[in-house]
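Student:
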Amino acid sequence: MNSFRFTGRAFAALLIAAALTGCAGQEKAADEAAAPPPTLDGAGTPGCGLARPTPSPIETAGSTMWPTSASLDDVLGRIGVAGEGRFAEHFAGLEVVPEKGHAIVYRVPSADFDAFVTREAGNECVYLRDAAFGRATLQTLADRVINDSAYWRKQNIQINSTSAGNDGTGVTVGVLPADVARARAELPKRYGTAVPIIIEEQEPITPAW
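With mature numbering (1 follows the signal peptide of the UniProt record, and there is no 0) as the guide, the letters of the sequence shown map in order to residues -29 to -1, 1 to 180.
1. When the Cα atoms are used, what is the spatial distance from residue 150 to residue 112?
2. If distances are taken between C-alpha atoms only, which option among 155, 176, 173 and 175 comes closest to residue 167?
3. From 46, 94, 55 and 80, pick the residue whose C-alpha is nearest to that of residue 23; which is it?
4. Kindly indicate which residue of 62, 90 and 46 has the alpha-carbon position closest to the one of residue 109.
5. One question on the structure: do residue 184 and residue 146 come within less than 8 Å of each other, judged by their Cβ atoms?
6. Please state whether DSSP places residue 22 in a helix, a strand or coil.
7. Is there a Cβ of chain D sitting closer than 8 Å to that of residue 84, yes or no?
8. In whole angstroms, what separates the C-alpha of residue 163 from that of residue 116?
9. Quick check on residue 58: does DSSP put it in helix, strand or coil?
10. Tell me which residues share the same chain as residue 91 and place their Cβ nearer than 7 Å to its Cβ, disregarding the 5 neighbours each side in the sequence.
11. Going by the beta-carbon positions, is the gap between residue 96 and residue 13 smaller than 8 Å?
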């Protein structure tokens, strides 16, 4: 039979280790409790756990609108500026959900950017949702496609618009209805398939004047 004998010094060391482990567990629990659990909208900032009044709809011209608070607008303005600046590789876009009084930030996961958003959000509710690509990556491709418009006209494909998806999923390209099938076949040959290209029907955009 094996027997174990603890000296006074060893026993004291075990007590200290147990106490430190308990403290670490309490700190982790406190950190996890500071933010609400993830939802379908993503992981929420601490403000999402605060009680807030339900936004009041505004009826205008036969449609229903929900105003966004000035505070949330300010928060999103700061996040947008930083996202398109020093966090450009991670930031994809913003979405406001006015009827619920919160917003969604799409980003390629980044501890630094997430910490920035959480800090800037304060008492406002902002959800962080994963994105496949940052805005800088998508905008580069969108610009490349629109700049190749003359080339595509020679291929009998009219490019009417391009846009980087706010949710970071890919680049949307608008072409004439008759060109959709050809564009879906030909654009990936030139730009590759690493970044999804979503082809949509779109008539030419004419000036309002």
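Where a beta carbon is used, it is the ideal one built from N, C-alpha and C, also for glycine.
This one's a predicted model, so the numbers in the text were calculated from it and none came from an experiment.
Tutor: Taking the definition as stated:
1. 20 Å
2. 155
3. 94
4. 62
5. Since the first and last residues shown for the chain are -29 and 180, residue 184 lies out of range.
6. coil
7. Of the protein chains in the structure, only one exists, and it is not chain D.
8. 12 Å
9. coil
10. 46, 49 and 50
11. no
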